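In my numbering, the protein residues as written are 1402 to 1712. We put the CB at the ideal spot given by N, CA and C, even for glycine. All values derive from a computational prediction rather than experimental measurement. Comments concern the structure below.
What follows is the structure, given as structure tokens:
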């Protein structure tokens, strides 16, 4: 029986339907034994041990070094949107099909982003912690309505976040190299340069994929260009933000707060964990039960279709 290696750490935990799809298609599934994001060496060791024909992947690195040694691997089905962790050129040169599930996580990530914005503006997380310590502290927050919000990356998630913010009365602008002009006109969202977006945004939301040329896209200079007291929310990729610069901007008071669901090193244990004006979540953007199940089913279906095409 042909084997499928599942390296994403949570596959099938909420619903076994995706695993049943693979079983019914005649595949034996081998699941990530570590229960966390794998290192490059761990991915390679599992591939060499299992020798799968297909792989359902998370955000672990799948490099050229790995792919060149993965004999018999025909399809990588990414359970998620981003493909920046997969060496697509190496996969193409080796005849390995790579797919993803771009639609399923959209609402889940968008809702998390909105939740983080609310928590920052109303200081919900901080006040919850204080109350549990026995401190009955009331702090005045602020509304989303009327705020100027900038969105970097107007793909599926960025557009959905914008629509939700517009419904809340925010003033939304965006920047994207491939923006949908019809959508922009329909929703009356101005498309501006990155420089202009930084200067005018009281709240800045990041919804872009990671590529080497946008590493630390938001660094010290960019944060200094933001209005004093602004907020930064990143639910895209950790590498696009310079965390050292962010720490500096939060401790010197230039930024009022930040919310991060993604980090350049995961699990994250860095100095941002010591700040009260930061909300940190462990890369849970897609971790809504309905979204996870839909995403995993799509990943399983993509894998089965891909293998059938290569048969």
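Exercise for the section: Spatial neighbours of residue 1522 within its chain, please: CB distance less than 6 Å, with the 5 preceding and 5 following residues excluded, ordered by chain position. Expected result: Taken in chain order, the residues that qualify are 1542 and 1543.
Handout entry: Cβ pair count under 8 Å reaching 3, the segment 1664-1679 against the segment 1467-1474
Key = A contact between stretches requires three or more CB pairs, one per stretch, nearer than 8 Å, and the segment 1664-1679 fails this requirement with the segment 1467-1474.
Practice task
Determine the burial state of residue 1455: buried for a count of at least 16 other Cβ atoms within 10 Å of its Cβ, exposed for fewer.
Solution key: Result: buried.
Problem - Beta-carbon spacing of residue 1510, residue 1636 below 8 Å - result: Residue 1510 is a Cβ neighbour of residue 1636, given a cutoff of 8 Å.
Handout entry: Three-pair Cβ contact test at 8 Å for the segment 1513-1527 versus the segment 1677-1690
Key = At 8 Å Cβ cutoff, the stretches touch.
Exercise for the section: Rounded to whole angstroms, what's the CA-CA distance from residue 1649 to residue 1612? Just pull it up for me. Expected result: Distance between the alpha carbons of residue 1649 and residue 1612 is about 24 Å.
Exercise for the section: Thinking residue 1479 and residue 1500 are a contact (beta carbons under 8 Å), I'd like their distance in whole angstroms, please. Expected result: Contact flag correct, Cβ pair sits at about 7 Å.
Problem - Residue nearest to residue 1549 in terms of C-alpha spacing, selected from 1475, 1631 and 1432 - result: Taking only the C-alpha atoms, the option nearest residue 1549 is 1631.
Exercise for the section: Would you check if the distance between the CB atom of residue 1575 and the CB atom of residue 1599 is smaller than 8 Å? Expected result: No.
Practice task
For residue 1402, I'd like the list of residues in its chain whose CB is within less than 8 Å of its CB, leaving aside the five on either flank, ordered along the chain.
Solution key: Excluding sequence neighbours, residue 1402 sits near 1427, 1428 and 1429.
Practice task
Consult DSSP for residue 1626 and reduce its assignment to one of helix, strand or coil.
Solution key: Residue state, collapsed to three classes: helix.
Problem - Buried versus exposed call for residue 1489 [16 or more other C-beta atoms within 10 Å across all chains shown] - result: Result: exposed.
Practice task
Identify every run of the alpha helix (DSSP H) within the segment 1482-1565, keeping only runs that are complete inside it and at least 4 residues long; order them along the chain.
Solution key: Taken in chain order, the unbroken stretches of alpha helix (DSSP H) that lie wholly in the segment 1482-1565 and span 4 residues or more are 1489-1494, 1507-1523 and 1525-1533.
Exercise for the section: Tell me, please, whether the segment 1652-1663 touches the segment 1582-1599 by the rule of three or more beta-carbon pairs shorter than 8 Å. Expected result: Short answer: they don't touch.
Handout entry: First through last residue of the beta strand (DSSP E) which encompasses residue 1632
Key = Unbroken beta strand (DSSP E) run through residue 1632: 1631-1635.
Handout entry: Where residue 1666 falls, given that 16 or more other Cβ within 10 Å makes a residue buried
Key = Exposed: under 16 other Cβ atoms inside 10 Å.
Problem - Validate contact between the segment 1406-1422 and the segment 1700-1707 using beta carbons, cut 8 Å, 3 pairs - result: Enough Cβ pairs lie closer than 8 Å, so yes.
Exercise for the section: Go to residue 1619, then tell me how far its beta strand (DSSP E) extends in each direction, as first and last residue. Expected result: Unbroken run through residue 1619: none, as it is neither H nor E.
Exercise for the section: Identify, in the order they occur along the chain, each residue of the same chain with its Cβ nearer than 8 Å to the Cβ of residue 1557, setting aside the five sequence neighbours on each side. Expected result: Cβ neighbours of residue 1557 beyond the five flanking positions: 1482, 1503, 1504 and 1507.
Problem - Burial state of residue 1498 (16 or more Cβ within 10 Å) - result: With a 10 Å radius around the Cβ and a threshold of 16 neighbouring Cβ atoms, residue 1498 comes out buried.
Practice task
On a CA-only basis, which of 1406, 1624 and 1415 is nearest residue 1692? Give me that one, please.
Solution key: The candidate whose alpha carbon is nearest that of residue 1692 is 1415.
Exercise for the section: Just confirm the distance between the C-beta atoms of residue 1680 and residue 1609, as a whole number of angstroms; I'd bet it's less than 8 Å. Expected result: At roughly 20 Å, the Cβ-Cβ gap does not stay under 8 Å, so residue 1680 and residue 1609 are not in contact.
Handout entry: is_contact[residue 1710, chain D] using C-beta, thresh 8 Å
Key = Annotation note: the requested chain D is absent from the structure, which comprises a single protein chain.
Practice task
Have a look at residue 1594 and residue 1601 and give me their C-alpha separation to the nearest angstrom.
Solution key: Going from the Cα of residue 1594 to the Cα of residue 1601 covers about 11 Å.
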